[in-house]
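Residue numbers (the working numbering): -9 to 158.
Glycine included, each C-beta is placed from N, C-alpha and C at the ideal position.
Right, dumping it as structure tokens:
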């Protein structure tokens, strides 16, 4: 539940700051990027502190070396969080985070169905809904910035391909 609260809370704070006149924070995708980055910094951090053992227990038993998997996914979450904040890497980072969410979803199902989950929000239905929200946010960022990049490229190509007038 905490990641969802961070995603929504940070997104709203940045959105309000943009609406209040902070120009760099004005576009809604910037607010969403901030919320996604904050959420993945939080979830990446818990791979190393607070919930590490719980996350290791979430890894399906058929996968080898669960401690390494938890460490790797935590590092990937941090990298993705930083990547969605740096404009040149936004679409790639958001795409990577989306892929990571999809790859890690079986661990969430395993956790919810294994009897390890103790809180109501850890049951399969709420956990799946939260994953859908997280995936929707990361895919929205990826698609928005991929389209923006395509539009900029097309605009540059059109500008470079327009005939120049010849003056004698």
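#1: Assuming residue 97 contacts residue 114 under a Cβ cut-off of 8 angstroms, what Cβ separation, rounded to an integer in Å, is found between them?
#2: Which of helix, strand or coil does DSSP assign to residue 39?
#3: Which word fits residue 81, buried or exposed, when buried means at least 16 other C-beta atoms lie within 10 angstroms of its C-beta?
#4: Just checking, does the segment 35 to 51 make contact with the segment 3 to 21 on the three C-beta pairs under 8 angstroms criterion?
#5: Looking at residue 27: is its Cβ nearer than 8 angstroms to the Cβ of residue 71?
#6: In angstroms with no decimal places, state the Cα-to-Cα distance between residue 111 and residue 146.
#7: Can you have a look at residue 10 and say buried or exposed, based on whether 16 or more other CB atoms are within 10 angstroms of its CB?
Straight from the coordinates:
#1: That pair is no contact at about 13 angstroms.
#2: Residue 39: coil per DSSP, three-state reduction.
#3: Its Cβ being crowded by 16 or more others within 10 Å, residue 81 is buried.
#4: Not touching, per the Cβ criterion.
#5: It is a contact, given that the beta carbons lie within the stated cut-off.
#6: Their backbone Cα atoms lie some 48 angstroms apart in a straight line.
#7: Label assigned to residue 10: exposed.
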